[in-house]
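First up is the structure itself, then whatever we jot down about it.
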Amino acid sequence: MKKRILITGAAGFLGSHLCDRFINEGYKVMGMDNLITGNLQNIEHLFSLPDFEFYHHDVTKFVHVSGQLDYILHFASPASPIDYLKIPIQTLKVGAHGTHNLLGLAKDKGARILVASTSEVYGDPTVHPQTESYWGNVNPVGPRGVYDEAKRYQEAITMAYHTYHGVETRIIRIFNTYGPRMRLNDGRVLPAFIGQALRGEDLTVFGDGSQTRSFCYVDDLVEGIYRLLHSNYAGPVNIGNPSEITIREFAEEILKLTGANQKIIYKPLPTDDPKQRQPDITLAKKLLGWEPKVDRKQGLQITYEYFKSLKMDDLYKKEH
Ligand code: NAD
Ligand code: UDP
Numbered sequence: 000m001k002k003r004i005l006i007t008g009a010a011g012f013l014g015s016h017l018c019d020r021f022i023n024e025g026y027k028v029m030g031m032d033n034l035i036t037g038n039l040q041n042i043e044h045l046f047s048l049p050d051f052e053f054y055h056h057d058v059t060k061f062v063h064v065s066g067q068l069d070y071i072l073h074f075a076s077p078a079s080p081i082d083y084l085k086i087p088i089q090t091l092k093v094g095a096h097g098t099h100n101l102l103g104l105a106k107d108k109g110a111r112i113l114v115a116s117t118s119e120v121y122g123d124p125t126v127h128p129q130t131e132s133y134w135g136n137v138n139p140v141g142p143r144g145v146y147d148e149a150k151r152y153q154e155a156i157t158m159a160y161h162t163y164h165g166v167e168t169r170i171i172r173i174f175n176t177y178g179p180r181m182r183l184n185d186g187r188v189l190p191a192f193i194g195q196a197l198r199g200e201d202l203t204v205f206g207d208g209s210q211t212r213s214f215c216y217v218d219d220l221v222e223g224i225y226r227l228l229h230s231n232y233a234g235p236v237n238i239g240n241p242s243e244i245t246i247r248e249f250a251e252e253i254l255k256l257t258g259a260n261q262k263i264i265y266k267p268l269p270t271d272d273p274k275q276r277q278p279d280i281t282l283a284k285k286l287l288g289w290e291p292k293v294d295r296k297q298g299l300q301i302t303y304e305y306f307k308s309l310k311m312d313d314l315y316k317k318e319h
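For the sequence shown, position 190 (counting from the first letter as 1) is numbered 189 according to numbering that gives the first Met the number 0, and the numbering increases by one without interruption.
Spelled out as structure tokens, the structure:
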């Protein structure tokens with residue numbers, strides 16, 4: 000008997016890759032999305048498959064699923080700072096009410112649920128690299144608070160359902176991930192830089208570019224999610240690539256990759272932009288035997304080929 004899994008945020012960047020992975024592993028996959036930041040093109044190749052179903056639904060409204068349900072992956076949520084600043088209330092609601100609805104569904108069905116948390120729960124971290132035992136440094140009333148606090152509440156309610164209702168829960172703290180199917184104009188740094196390089200524009204580094212991030216290729220992340228879902232550990236687990244780079248160096252890497260001869264220009268740093276970020280993945284290594292396999296050079300090359308293959312219209316479509 001095939002296992003049945005519900006994936007929320009299925010039409011988004013990560014959700015669509017998860018749909019592919021679980022279909023390939025022989026699961027029956029139900030994708031759910033309200034398309035607020037997602038795109039059906041990311042999953043249209045799955046529509047003809049008998050084991051794939053899609054529901055256009057907002058998970059902040061009651062979520063009903065008939066029949067057997069074995070697993071839930073809750074990935075619905077705006078994820079780019081520019082998105083969650085534009086739709087702050089929906090961001091809070093999907094992390095809070097959406098998560099609550101899906102935990103209720105998991106309890107009702109006896110399903111195991113994995114929720115997508117984030118390195119943003121560490122805020123602008125004062126501990127480096129970030130371990131799961133660090134409680135973070137978040138400004139609740141700053142512009143990023145709508146995302147960070149929604150995710151912190153998500154972790155708290157998920158742990159409460161585990162402790163008080165005995166629901167099988169998993170929490171993944173995802174660090175910056177990239178790859179094909181990111182939206183070219185979603186404002187995140189990698190699509191922003193590659194888009195600018197392809198359009199012949201200067202690359203916009205925010206602040207002096209000394210802030211750091213650590214970028215993980217999507218296939219590595221999906222492998223980590225797959226392993227965590229099938230583990231028996233309910234605490235939060237960092238999944239990310241520890242290879243850390245400053246944003247200025249990252250812009251230089253993109254210029255080299257694309258062969259573009261534009262300049263780097265500097266714009267104001269957004270409020271509360273974290274100064275440093277690097278996952279400590281000791282726990283994931285020990286618990287899941289997981290570590291990233293794709294280095295930035297390989298991952299960026301694949302992602303660049305994807306962006307180059309897009310239609311010219313997409314390249315010039317301005318969303319923000
Ligand atoms: P994305 O914007 O590409 O995908 C999110 C999807 O959720 C979209 O398809 C959107 O339409 C859908 N969605 C949003 N609100 C919804 C609602 N109320 N009901 C139903 N669907 C809804 O973003 P992504 O990068 O794929 O991120 C997916 C998840 O992973 C998010 O929960 C995000 O917080 C988390 N995450 C991502 C990263 C990253 O680097 N990509 C890092 C940390 C955490
Ligand atoms: N950033 C930048 N130029 C851009 C977009 C982003 O310098 O055009 C910076 C941003 O200020 C941050 C880093 O790149 O320091 C990563 O930003 P992103 O929005 O991708 O993710 P997050 O801040 O959530 O890690």
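Glycine residues also receive a C-beta, built at the ideal position from the N, C-alpha and C atoms.
Would you kindly report the start and end of the unbroken beta strand (DSSP E) that includes residue i?
i	result
Gly14	Careful: Gly14 lies outside any beta strand (DSSP E), inside the alpha helix (DSSP H) at 12-23.
Val321	Because the chain here runs from 0 to 319, residue 321 falls outside it and cannot be looked at.
Val221	Unbroken run through Val221 is the alpha helix (DSSP H), 217-228; no beta strand (DSSP E).
Phe205	202-205
Leu72	70-73
Val58	No beta strand (DSSP E) contains Val58, which DSSP labels as neither H nor E.
Ile170	168-173
Ile264	263-266
Taking only the alpha-carbon atoms, compute the straight-line gap between residue i and residue j and give it to the nearest angstrom.
i	j	result
Ile156	Tyr163	10 angstroms
Thr168	Trp289	19 angstroms
Gly8	Ile170	16 angstroms
Phe214	Pro80	16 angstroms
Thr281	Leu228	18 angstroms
Glu43	Lys2	22 angstroms
Lys310	Gly30	26 angstroms
Pro269	Lys108	42 angstroms
Glu154	Gln261	42 angstroms
Leu254	Tyr146	31 angstroms
Lys326	Arg226	As displayed, the chain neither begins before 0 nor continues past 319, which places residue 326 out of reach and without an answer.
Leu59	Leu314	It is worth fixing the name first, because residue 59 is Thr in this sequence and not Leu. Rounded to whole angstroms, Thr59 to Leu314 spans 32 angstroms at the Cα level.
Gly122	His63	34 angstroms
Tyr54	Tyr265	42 angstroms
Leu113	Ala159	14 angstroms
Gln300	Gly66	42 angstroms
Arg172	Gly234	10 angstroms
Leu320	Glu248	The question about residue 320 has no answer, for the chain in this structure spans 0 to 319.
Val293	Asp219	7 angstroms
Val236	Ser308	35 angstroms
Tyr133	Val126	7 angstroms
Pro278	Asn240	7 angstroms
Ile244	Arg187	15 angstroms
Leu39	Pro273	32 angstroms
Lys316	Asn175	24 angstroms
Tyr177	Leu189	7 angstroms
Gly103	Asp32	18 angstroms
Leu197	Asp185	15 angstroms
In its own chain, which residues sit with a C-beta less than 6 angstroms from the C-beta of residue i, not counting the 5 before and 5 after it?
i	result
Ile246	Val204, Gly208, Gln210
Leu11	The identity of residue 11 in the sequence shown is Gly, whereas the question assumes Leu. Taken in chain order, the residues that qualify are Gly37.
Gly298	Tyr216
Ser15	Asn41, Ile42, Arg180
Which residues in the same chain as residue i place their Cβ atom closer than 8 angstroms to its Cβ, once the five residues preceding and following it in sequence are excluded?
i	result
Ala250	Phe192, Leu202, Val204, Gly208, Ile263
Tyr152	Gly94, Ala95, Thr98
Leu34	Ala10, His55
So if DSSP puts residue i in a beta bridge, which residue, or which two residues, is it bridged to?
i	result
Met29	Leu5, Glu52
Asn136	Gly122
Pro235	Ile170
For residue i, report the span of its alpha helix (DSSP H) as first-last.
i	result
Tyr152	144-164
His99	98-108
Glu248	246-257
Lys296	295-307
Leu34	No alpha helix (DSSP H) holds Leu34; DSSP gives it neither H nor E.
Arg187	Premise fails: Arg187 is in no alpha helix (DSSP H) and is neither H nor E.
Tyr83	80-85
Pro281	First, the amino acid is wrong: residue 281 is Thr here, not Pro. Its alpha helix (DSSP H) spans residues 281-287.
With a threshold of 7 angstroms on Cβ separation, who are the neighbours of residue i within its own chain once the five nearest residues in sequence on each side are excluded?
i	result
Lys150	Gly94, Ser116, Thr117, Glu119, Val120
Pro139	Glu148
Val28	Ile4, Ile6, Cys18, Phe21, Ile22, Asp50, Phe51
Phe61	Asn100
Pro128	Pro241, Gln277, Pro278, Asp279
Thr90	Ser76, Pro77, Tyr83, Val145, Tyr146, Ala149
Leu45	Cys18, Ile22, Phe51
Would you say residue i reaches chain D, if we count a Cβ-Cβ gap shorter than 8 angstroms as a contact?
i	result
Lys262	The chain labelled as chain D is not found in the depicted structure, where only one protein chain is given.
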